[in-house]
Amino acid sequence: MTAHAQAPTSLFDLDAVPDEVRLTAARDGLVLTWGAEDPIPFAAEALRASCRCAWCTRQRADNRFPDAFPGIAITHLALVADYALNLHFSDGHARGIYPFSTFRARAAAPSAEQNP
Ligand SMILES: [Zn+2]
């Protein structure tokens, strides 16, 4: 294995850090831009539904996690340690940490599917 081999994406992959993170005016999503690529939209509903925090993980395990979050908005976002975003949602949930590497992987995925 060489140091330059294509390794699996790390949570802390600096190449995944976007050049721009924009909250839509309606607060219904984020738009991330990497370099000269076209901006990639991420819907707030899909982001909320894919939250991997301990609370949401437990709710999924207990089958109490909602199937959808219609109309949910992003109320606040903050950079976390230069590798992720902490998103606050209009349902009051503010625990989710979303690594840029996860955004990057979803951006590379085919179609608009944003399931975890
Ligand atoms: Zn969560």
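Every position in the sequence shown, counted from 1, becomes a number in this note's numbering once 3 is added. Glycine included, each C-beta is placed from N, C-alpha and C at the ideal position.
{"query": "Put Ala-71 into one of helix, strand or coil per three-state DSSP.", "result": "coil"}
{"query": "One question on the structure: do Ala-81 and Asn-89 come within less than 8 Å of each other, judged by their Cβ atoms?", "result": "yes"}
{"query": "Does the beta-carbon of Arg-98, which I'm using as the reference point, lie nearer than 7 Å to any heavy atom of ligand 1?", "result": "yes"}
{"query": "Which of the three DSSP states is assigned to Glu-23 in this structure?", "result": "strand"}
{"query": "If you scan the stretch 90-116 from start to end, which runs of the alpha helix (DSSP H) of 4 or more residues do you find wholly inside it?", "result": "103-111"}
{"query": "At a cut-off of 7 Å, is Trp-58 close to ligand 1 when judged by its beta-carbon and the heavy atoms of the ligand?", "result": "yes"}
{"query": "Classify Tyr-86 as helix, strand or coil using the three-state DSSP reduction.", "result": "coil"}
{"query": "Under 8 Å, do His-96 and His-79 count as touching if we go by C-beta distance?", "result": "no"}
{"query": "What is the residue span of the beta strand (DSSP E) that Ala-46 lies within?", "result": "43-46"}
{"query": "Go to Arg-63, then tell me how far its alpha helix (DSSP H) extends in each direction, as first and last residue.", "result": "57-64"}
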